[in-house]
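Participant: Quick one: this structure, given as structure tokens, is what I'll be asking you about.
Protein chains: 2
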Amino acid sequence: MSAYTTSSLKAELHERGWRLTPQRETILHVFQNLPEGEHLSAEDLHMLLQKEGELISLSTIYRTLKLMARMGILRELELAEGHKHYEINQPYPHHHHHLICVRCNKTIEFKSDSILKTGTKTAQKEGYHLLDCQLTIHAICPMCQRALLPL
Amino acid sequence: MSAYTTSSLKAELHERGWRLTPQRETILHVFQNLPEGEHLSAEDLHMLLQKEGELISLSTIYRTLKLMARMGILRELELAEGHKHYEINQPYPHHHHHLICVRCNKTIEFKSDSILKTGTKTAQKEGYHLLDCQLTIHAICPMCQRALLPL
DNA sequence: TTGCCGATTGTGTATCCTTCTCAATAAGTG
DNA sequence: CACTTATTGAGAAGGATACACAATCGGCAA
Chain A
1 MSAYTTSSLK AELHERGWRL TPQRETILHV FQNLPEGEHL SAEDLHMLLQ KEGELISLST
61 IYRTLKLMAR MGILRELELA EGHKHYEINQ PYPHHHHHLI CVRCNKTIEF KSDSILKTGT
121 KTAQKEGYHL LDCQLTIHAI CPMCQRALLP L
Chain B
1001 MSAYTTSSLK AELHERGWRL TPQRETILHV FQNLPEGEHL SAEDLHMLLQ KEGELISLST
1061 IYRTLKLMAR MGILRELELA EGHKHYEINQ PYPHHHHHLI CVRCNKTIEF KSDSILKTGT
1121 KTAQKEGYHL LDCQLTIHAI CPMCQRALLP L
């Protein structure tokens, strides 16, 4: 889990016989420049790029998001039902976790050194190569508790 | 986060004007009797019930799984791409987390009191009503590291 | 710089999980 | 026992994601 630059992306791609394309570089840049706490779905990313005049097909977007998640560059988040969100996978001390309301999807980010340590240690102990480690707390936010809405 | 019985399920359903049906009771029983470390997808559950002669429609299964997850009775797990898995949401000291290989989906369970504490404290601090708290570690298992397969 | 090989892209299509619709059924209450 | 309304089941619909394949282009070696 470390910060990525275009050249480190290129290096890691080449290591596996893969290629650095403008599309991959563009997508990496988008996530690098995203404010902390923001995350995008495939559709979000597609529309955002269109607005900027970058026409990258949805297929490529899906392929790239999955690729970068499996490389450990992006984190795959389950913040809402039905689709995934992605954000850059930042190392300590920017690494964080999510507290999510299952009713309205209001999400709060929080940090915890000890969790990251536990995750790192657990992966290491089992011989796994760590990509991402996220604590997801499912809960009901104060407003939704009061509302007493149907589930 | 506490253990559920038929009568506590009934009570909590009635509290909201809902009903205890044989289907809901049956599904709860299945999860209660599942060995620790096992988890089912909607499809798995459907087939398992068919084998036992319990014919519950897929629609009802999906509805019930979601309902129970939102009540905090079941945990929704993302152990593989494309579909969710469910397991009973057990309290301390059975509460556990998952270390998952993103390549082959090999999953290892592990426990951590401190994570559960952190999760509980964080939810409390924000006024959220805790339903579930799970650390998910995405990584590559030793075998897949050696295989050097394409992502 | 040029040419080649093969990875990657884009378009349209296919797939699969999950949700929805609605009439029929049945749980809970007085 | 009757009534109200939540729930079920069957099939259809929806939506996110993956796939197929021809066209394109990145990287490398001459």
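Quick note, the sequences are listed as chains A and B, same order.
The numbers in the working numbering rise by one with no breaks, and the one at position 73 of the first sequence is 73.
Just add 1000 to the spot in the second sequence (first one is 1) and you have the working numbering.
Every residue, glycine too, gets a C-beta built ideally from N, C-alpha and C.
(1) DSSP beta-bridge partners for L1099 (chain B)?
(2) Can you tell me whether DSSP reads Y62 (chain A) as helix, strand or coil?
(3) Checking contacts by CB at 7 Å: is Q1145 (chain B) closer than that to chain A?
(4) Please tell me whether Y1128 (chain B) has its Cβ less than 7 Å away from any Cβ of chain A.
(5) Establish whether the CB of Q134 (chain A) and some CB of chain B are separated by less than 7 Å.
(6) Quick check on E78 (chain A) - is its C-beta less than 7 Å from some C-beta in chain B?
(7) What are the partner residues of D113 (chain A), as DSSP defines its beta bridges?
(8) Span of the alpha helix (DSSP H) holding I1056 (chain B)?
(9) Is it buried or exposed, E36 (chain A), if we count other Cβ atoms within 10 angstroms and call 16 or more buried?
(10) Is the beta carbon of H1097 (chain B) sitting closer than 7 Å to the one on Q1134 (chain B)?
(11) By DSSP, does R75 (chain A) sit in helix, in strand, or in coil?
(12) What does a CB cutoff of less than 6 Å around T1026 (chain B) pick up in its chain, not counting 5 residues either side in sequence?
(13) Flag I108 (chain A) as yes if its beta-carbon sits less than 7 Å from any beta-carbon of chain B, otherwise no.
(14) For L1048 (chain B), count neighbouring Cβ atoms within 10 angstroms of its own Cβ and tell me buried if that reaches 16, exposed if not.
(15) Cβ closer than 9 Å: which chain B residues qualify as neighbours of P142 (chain A)?
Facilitator: Inspection of the coordinates gives the following:
(1) As a working mapping, residue 1099 (chain B) is identified with position 99 in the second sequence. DSSP, once it has assigned bridges, lists B:I1108, B:I1137 as partnering L1099 (chain B).
(2) For this step, residue 62 (chain A) is matched to residue 62 along the first sequence. Residue state, collapsed to three classes: helix.
(3) One-based indexing of the second sequence puts residue 1145 (chain B) at position 145. Cβ-Cβ to chain A under 7 Å: yes for Q1145 (chain B).
(4) Here the question's residue 1128 (chain B) lines up with position 128 in the second sequence. Yes - at least one Cβ of chain A is within 7 Å of the one on Y1128 (chain B).
(5) Indexing the first sequence from 1 puts residue 134 (chain A) at position 134. It does: the Cβ of Q134 (chain A) has a partner Cβ on chain B nearer than 7 Å.
(6) Residue 78 (chain A) sits at position 78 when you count from the first residue of the first sequence. Yes, E78 (chain A) counts as interfacial toward chain B.
(7) Residue 113 (chain A) sits at position 113 when you count from the first residue of the first sequence. Looking at the DSSP assignment, D113 (chain A) forms no beta bridge with any residue, so it has no partner.
(8) The sequence position of residue 1056 (chain B) within the second sequence is 56, counting from 1. Counting along the chain, I1056 (chain B) falls outside any alpha helix (DSSP H), and DSSP gives it neither H nor E.
(9) Within the first sequence, residue 36 (chain A) is the residue found at index 36, counting from 1. Exposed, by the Cβ-count rule.
(10) Position 97 of the second sequence, counted from the first residue, corresponds to residue 1097 (chain B). Position 134 of the second sequence, counted from the first residue, corresponds to residue 1134 (chain B). Yes, Cβ-Cβ distance for H1097 (chain B) and Q1134 (chain B) is below 7 Å.
(11) The count along the first sequence starts at 1 and reaches residue 75 (chain A) at position 75. Strand.
(12) Along the second sequence, read from residue 1 onward, the residue named residue 1026 (chain B) stands at position 26. Same-chain partners within the cutoff: E1054.
(13) Within the first sequence, numbered from 1, the residue matching residue 108 (chain A) stands at position 108. Closer than 7 Å: yes.
(14) Taking the second sequence and counting its residues from 1, the one referred to as residue 1048 (chain B) is at position 48. L1048 (chain B) is exposed by the Cβ-count criterion.
(15) Sequence index remark: in the first sequence, residue 142 (chain A) carries index 142 (1-based). Result: E1126, G1127, Y1128, H1129.
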